[in-house]
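Chemist:
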Amino acid sequence: MSIQQSFITLSDGNVIPQLGLGVWQATQEQAANAVSEAIKSGYRHVDTASVYENEDGVGIGIKQSGIAREEVFVTTKVWNPEQGFDKATAALDASLERLQLSYVDLLLIHWPAPKMDLYVDTWKALIAAKKQGKVRSIGVSNFNQEHLVRLIDETGVKPALNQIELHPFLQQNTLQQVHKKLVIETQAWSPLGQGKALSHPTIIAIAEKHGKSAAQVIIRWHLQQGRIVIPKSVTPSRIQENFDVFDFSLDLNDLEGIALMDECHRFGPDPLLFP
Ligand SMILES: NC(=O)c1ccc[n+]([C@@H]2O[C@H](COP(=O)([O-])OP(=O)(O)OC[C@H]3O[C@@H](n4cnc5c(N)ncnc54)[C@H](OP(=O)(O)O)[C@@H]3O)[C@@H](O)[C@H]2O)c1
4 MSIQQSFITL SDGNVIPQLG LGVWQATQEQ AANAVSEAIK SGYRHVDTAS VYENEDGVGI
64 GIKQSGIARE EVFVTTKVWN PEQGFDKATA ALDASLERLQ LSYVDLLLIH WPAPKMDLYV
124 DTWKALIAAK KQGKVRSIGV SNFNQEHLVR LIDETGVKPA LNQIELHPFL QQNTLQQVHK
184 KLVIETQAWS PLGQGKALSH PTIIAIAEKH GKSAAQVIIR WHLQQGRIVI PKSVTPSRIQ
244 ENFDVFDFSL DLNDLEGIAL MDECHRFGPD PLLFP
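See the structure below:
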C-alpha cells in the first residue's frame, strides 16, 4: 500500500512522520486497538509516555497491526519523578520492557519541572541512551527558551524537537520563532484543543468551504505550518478521518482566520509552575 503522508527530517538526520497518533488518557486496551487501527489506516507514528500507563497497550497494538517494528516511529517520555541521570536511565529500560521494543525512535523529557532542577542531568541520561542505541532521537516537552538554551549550553547537544501545547487557542508564535532560530522542530500536543476547538465558528466555516471536517482543518493547519502533530482518538472513524488530510490545502484567508483565534489560552499547566 502506498501511503500519502509527509515527513520531517530532524536536526540529527532522523526522519519523523509529520502526523502521528496521541494516546494520552487511553486505557491499555484502547491504546492497543487505536494503535493497531491507526497503523492499518496509514499512520506510522505513535506518541505515548510512561505516565499514560498504556505503553504495554501501544506495544501490543504495534504487534497486532502486523507491521515491521522499524516501520513505526514510537515516542515515549520520562515522567517528572523519573528525572535525574540514574532514574531516567532505569525509566527508559522499564518503558522499553513495557513496549516490548529494543529501542524507541524518540525519547522526551516530559516537563522541565524547574523547581526540581534535574532536567540537565536527565538530558545527560538521554544523550547516553542515544549513544547506546536505546533511542534514535532525543527531545524535550514543555520547555521554554531558557530551558532549551541551558540544555544546549551545558551539554552541547540540542533537542531534536520540543513537544508543546499548541492549538488554535494557544498558537505559541514566540516559542516557535525560538525553535526556528535554534533549529528545533515544533511538535503540537492537544492539537485539537482537546476537542474544544472543533466547534469554533471559524473552523466550521473553513471546514464547510473545503468539504472537510473541523478536525481535518485543524490538523491541516498544523501540517501546513510545518509542525509535527499528534491528535488523539480512540474512535476508529476519527482515527481514519484525522489521517485523511493530504488531499487539500488551506488558503491564505483560512490561515488568517485561524490566526485570529489565538487567545493564549492553555488547557494544560504552565511549564514554569508544574509540578
Ligand atoms: N507532552 C505533554 O505534556 C502532553 C500533554 C497532553 C497531550 N500530549 C500528547 O498529545 C496528544 C493529543 O493531545 P490530547 O489528547 O490532549 O488532545 P487532542 O488531540 O487535541 O484532542 C483529543 C480529543 O478530541 C477528540 N477527537 C479526536 N479526533 C476527533 C474528530 N475527528 N472529531 C471529533 N473529536 C475528535 C478525541 O475523542 P476520542 O478519543 O473519544 O475519539 C479526544 O476527546 C495526547 O494524546 C498525547 O499523546 C502531550
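If you're matching positions, the sequence shown starts at 4 in my numbering and goes up one per residue. Cβ coordinates follow ideal geometry from the N, Cα and C atoms, glycine included.
Consult DSSP for D124 and reduce its assignment to one of helix, strand or coil.
Modeler: Residue state, collapsed to three classes: helix.
Chemist: Does the count of Cβ pairs from the stretch 81–95 and the stretch 57–73 closer than 8 Å reach three?
Modeler: At 8 Å Cβ cutoff, the stretches do not touch.
Chemist: Measuring CB atoms only, is the stretch 169–189 touching the stretch 47–59, in the sense that at least three cross pairs come out at less than 8 Å?
Modeler: With the cut-off at 8 Å, the stretch 169–189 and the stretch 47–59 do not touch.
Chemist: Whose C-beta lies closer than 6 Å to the C-beta of N17 among residues of the same chain, with five residues either side of it excluded?
Modeler: If we look at N17 and ignore the five residues flanking it on each side, its Cβ neighbours are R139, S140.
Chemist: Could you tell me the distance, in whole angstroms, from the CA atom of H213 to the CA atom of Q21?
Modeler: Rounded to whole angstroms, H213 to Q21 spans 22 Å at the Cα level.
Chemist: State the start and end residues of the unbroken beta strand (DSSP E) segment that holds D108.
Modeler: Run containing D108: 107–112, per the beta strand (DSSP E) assignment.
Chemist: Flag this pair as touching only if the stretch 100–109 and the stretch 67–85 have three or more C-beta atom pairs under 8 Å; answer yes or no.
Modeler: Yes: the two stretches touch, three or more of their Cβ pairs being nearer than 8 Å.
Chemist: Within the present structure, is the beta-carbon of E168 separated from the nearest heavy atom of ligand 1 by less than 8 Å?
Modeler: At least one heavy atom of ligand 1 is nearer than 8 Å to the Cβ of E168, so yes.
Chemist: In whole angstroms, give me the CA-to-CA distance for Q7 and D120.
Modeler: If you take the alpha carbons of Q7 and D120, they lie about 42 Å apart.
Chemist: Roughly how many angstroms separate the alpha carbons of E266 and H225, rounded to a whole number?
Modeler: Their Cα atoms are separated by approximately 17 Å.
Chemist: Grouping DSSP H, G and I as helix and E and B as strand, with all else coil, what is N145?
Modeler: Coil, per DSSP.
Chemist: For the alpha helix (DSSP H) containing E188, name the first residue and the last one.
Modeler: Careful: E188 lies outside any alpha helix (DSSP H), inside the beta strand (DSSP E) at 188–192.
Chemist: Using the rule of at least 16 other Cβ atoms within 10 Å of the residue's Cβ for burial, across every protein chain shown, is A93 buried or exposed?
Modeler: Burial call: exposed.
Chemist: Can we say the stretch 135–154 touches the stretch 175–186, given the rule of at least three CB pairs closer than 8 Å?
Modeler: These segments touch.
Chemist: To the nearest angstrom, how far is the alpha carbon of D273 from that of L185?
Modeler: So the alpha carbons of these two residues sit roughly 22 Å apart.
Chemist: Express the C-alpha separation of Q243 and M4 in angstroms, rounding to a whole number.
Modeler: The pLDDT assigned to M4 is 47, lower than 50, so where the model puts this residue is not dependable; a value taken from the coordinates is nonetheless given after this. Rounded to the nearest angstrom, the two C-alpha atoms are 15 Å apart.
Chemist: Taking a contact to mean a Cβ-Cβ separation below 9 Å, would you say N245 touches Q228 in this structure?
Modeler: Cβ distance not < 9 Å, so N245 and Q228 don't count as in contact.
Chemist: What's the C-alpha gap between L258 and E157?
Modeler: Roughly 38 Å separates the two Cα atoms.
Chemist: Looking at the secondary structure, which residues open and close the alpha helix (DSSP H) in which E211 lies?
Modeler: Per DSSP, E211 belongs to the alpha helix (DSSP H) from 204–213.
Chemist: Got a sec: does ligand 1 put a non-hydrogen atom nearer than 8 Å to the Cβ of L258?
Modeler: No.
Chemist: My output table needs one value for T30: the three-state DSSP class, helix, strand or coil.
Modeler: Three-state DSSP puts T30 in coil, outside helix and strand.
Chemist: Where do the ends of the beta strand (DSSP E) carrying Q166 lie?
Modeler: Start and end: 164–168.
Chemist: Given the structure, does P234 come close to ligand 1, in the sense that its CB is under 8 Å from one of the ligand's heavy atoms?
Modeler: Under cutoff, so the answer is yes.
Chemist: Cβ atoms of F277 and W114: under 9 Å apart, would you say?
Modeler: Yes, these two residues count as a Cβ contact at 9 Å.
Chemist: Is the separation between the beta-carbon of G142 and that of L109 shorter than 9 Å?
Modeler: Yes, the Cβ-Cβ distance between G142 and L109 is below 9 Å.
Chemist: Cβ of V18 less than 9 Å from any chain D Cβ?
Modeler: No chain D appears in the structure shown, which is made up of a single protein chain.
Chemist: With H, G and I counted as helix, E and B as strand and the rest as coil, what does DSSP make of G64?
Modeler: Of the three classes helix, strand and coil, the one that applies to G64 here is helix, per DSSP.
Chemist: Quick check: the Cα distance between P162 and A41, rounded to an integer number of angstroms?
Modeler: Rounded to whole angstroms, P162 to A41 spans 27 Å at the Cα level.
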